Amino acid sequence: GDSVTQMEGPVTLSEEAFLTINCTYTATGYPSLFWYVQYPGEGLQLLLKATKADDKGSNKGFEATYRKETTSFHLEKGSVQVSDSAVYFCALTPYNFNKFYFGSGTKLNVKP
Amino acid sequence: DVKVTQSSRYLVKRTGEKVFLECVQDMDHENMFWYRQDPGLGLRLIYFSYDVKMKEKGDIPEGYSVSREKKERFSLILESASTNQTSMYLCASSFESNTGELFFGEGSRLTVL
C-alpha cells in the first residue's frame, strides 16, 4: 500500500545552518507530494507541494523536488532560523486526493 | 482564510464514557477527515467523509464512529472510551479535487483515565 517514510528526529541545528529532512515514499501510480509543518501549539499547515515528477515545491525558503526515480521528496533550506523550529511531516495523496498518507514527523530544533 | 474549528482543545474523560469531538469548517469543503496523532506514529486516518451522510473508514476505525449531518460539521464519536484512545485528534477538510491541500484544526487532546 501507499506509505511515507521520513527521517527520525529530533534534528538540532544552529541558526543559519543547512537543513535536509529526508522523505521517501511508496505509491502506485502518480501521487502528489506535500510537506506540512506544525508549529508549537498549532495545527498542521501546508508548507509546499509538488504534483508531478521533477516538480519543485518552494515556500518560505524551503524547497523539495519530486524525484520519481528515487521515490523521494527531501525537504531543504539553505539557512534555518529559530522560527523554523517545528515538526515537519511529509505526505502523499493518490490521484483522487481523498486519502492522505503522512510520515511520522521530524522535529526540528534551531538554536540561536 | 479557511477556518477549521475543533470544539475542545483539551478533554479528560473516564474509561467507558461516550466522547464527542466536534469539528466545523467554514469554507464549504466537500471532504472532511479525522486523524489521530501519536508520537513516532505520525498521523493516522480514522475516518473521512466526502459528502453529507457519507463516510469511509480510514486505517484505524476500530472504536470510533463518525457523523456528518451537515456539510460544515463532522463529529468523531468514541462510544466507550478506553485508555489506548488517549491521543491528539486532528480534524481536517479539503475541496473535493483541486490542489489536494488539507486544512487542519488546532487539535483536541484527549486523555482517558
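Protein chains in written order, with the working numbering: chain A, 1 to 112; chain B, 1001 to 1113.
In this text, a Cβ means the ideal position worked out from N, Cα and C, and glycines have one as well.
Treat the numbers as computed from the prediction; the structure is a model and nothing was measured.
Practice task
List in chain order: all unbroken beta strand (DSSP E) runs of 3+ residues lying wholly within the stretch 58 to 95 of chain A.
Solution key: 62 to 65, 75 to 77 and 86 to 93
Exercise for the section: For ARG1036 (chain B), count neighbouring Cβ atoms within 10 angstroms of its own Cβ and tell me buried if that reaches 16, exposed if not. Expected result: For the purposes of this step, residue 1036 (chain B) is taken as the residue at position 36 of the second sequence. By the 10 Å Cβ count, ARG1036 (chain B) comes out buried.
Practice task
Inspect the CB distances between the stretch 1050 to 1066 of chain B and the stretch 1012 to 1020 of chain B and report whether three or more fall short of 8 Å.
Solution key: no
Practice task
In the DSSP assignment, find the beta strand (DSSP E) that holds LYS1018 (chain B) and state where it starts and stops.
Solution key: Locating residue 1018 (chain B) in the second sequence gives position 18, counting from the first residue. First-last for LYS1018 (chain B): undefined, no H or E at that position.
Exercise for the section: Would you give the residue range spanned by the beta strand (DSSP E) that GLN38 (chain A) belongs to? Expected result: Locating residue 38 (chain A) in the first sequence gives position 38, where the first residue counts as 1. Per DSSP, GLN38 (chain A) belongs to the beta strand (DSSP E) from 32 to 38.
Problem - Whole-Å CB distance - TYR101 (chain A) paired with VAL37 (chain A), under 8 Å assumed - result: One-based indexing of the first sequence puts residue 101 (chain A) at position 101. One-based indexing of the first sequence puts residue 37 (chain A) at position 37. The Cβ separation is near 17 Å, so there is no contact.
Problem - Interface residues of chain B facing LYS99 (chain A) [CB-CB closer than 8 Å] - result: In the first sequence, the residue the question calls residue 99 (chain A) occupies position 99. Simply LEU1045, PHE1048 and GLY1058.
Problem - Buried versus exposed call for LYS1053 (chain B) [16 or more other C-beta atoms within 10 Å across all chains shown] - result: Looking up residue 1053 (chain B) in the second sequence gives position 53. The residue is exposed, with fewer than 16 neighbouring Cβ atoms inside 10 Å.
Practice task
State buried or exposed for PRO10 (chain A), treating a residue as buried only when at least 16 other CB atoms are found within 10 Å of its CB.
Solution key: Here residue 10 (chain A) refers to the residue found at position 10 when the first sequence is read from its first residue. Answer is exposed; the Cβ neighbour count stays below 16.
Exercise for the section: Select from B:PHE1095, B:LYS1070 and B:LEU1110 the residue whose C-alpha is nearest the C-alpha of PHE1104 (chain B). Expected result: Numbered from its first residue, the second sequence carries residue 1104 (chain B) at position 104. Selected option, being the one with the closest Cα: B:PHE1095.
Handout entry: Interfacial residues, the stretch 32 to 63 of chain A to chain B, with Cβ spacing under 9 Å
Key = SER32, PHE34, TYR36, GLN38, GLY41, GLU42, GLY43, LEU44, GLN45, LEU46, LYS49 and THR51
Exercise for the section: Please report the residue range of the beta strand (DSSP E) in which THR1005 (chain B) lies. Expected result: On the second sequence, position 5 is the one that residue 1005 (chain B) refers to. Counting along the chain, the beta strand (DSSP E) containing THR1005 (chain B) begins and ends at 1004 to 1006.
Handout entry: Sequence-distant residues of its chain with Cβ nearer than 6 Å to LEU33 (chain A) (five each side left out)
Key = Residue numbering aside, residue 33 (chain A) sits at position 33 when the first sequence is read from its first letter. Once the five neighbours on either side are set aside, the close Cβ partners of LEU33 (chain A) are ALA50, TYR66, PHE73 and LEU92.
Exercise for the section: Taking only heavy atoms of the ligand NAD into account, decide whether any of them is closer than 7 Å to the Cβ of GLY29 (chain A). Expected result: Ligands displayed in this structure: none; no statement on the ligand NAD is therefore possible.
Exercise for the section: Inspect the beta-carbon positions of GLU1106 (chain B) and LEU46 (chain A) and report whether they are closer than 8 Å. Expected result: Residue 1106 (chain B) sits at position 106 when you count from the first residue of the second sequence. Residue 46 (chain A) sits at position 46 when you count from the first residue of the first sequence. No, these two residues do not count as a Cβ contact at 8 Å.
Exercise for the section: Quick one: give me the first and last residue of the beta strand (DSSP E) that ASN109 (chain A) is part of. Expected result: Translated into positions along the first sequence, residue 109 (chain A) becomes position 109. 106 to 111 is the extent of the beta strand (DSSP E) around ASN109 (chain A).
Practice task
Taking only beta-carbon positions, decide if PHE73 (chain A) is within less than 8 Å of chain B.
Solution key: Taking the first sequence and counting its residues from 1, the one referred to as residue 73 (chain A) is at position 73. So no, PHE73 (chain A) is outside the interface.
Problem - Cβ-based burial, THR106 (chain A) [other Cβ within 10 Å; buried from 16] - result: Residue 106 (chain A) sits at position 106 when you count from the first residue of the first sequence. By the neighbour-count rule (16 or more Cβ atoms within 10 Å), THR106 (chain A) is buried.
Exercise for the section: Could you list the residues in the stretch 13 to 33 of chain A with a C-beta less than 8 Å from some C-beta on chain B, going in chain order? Expected result: SER32
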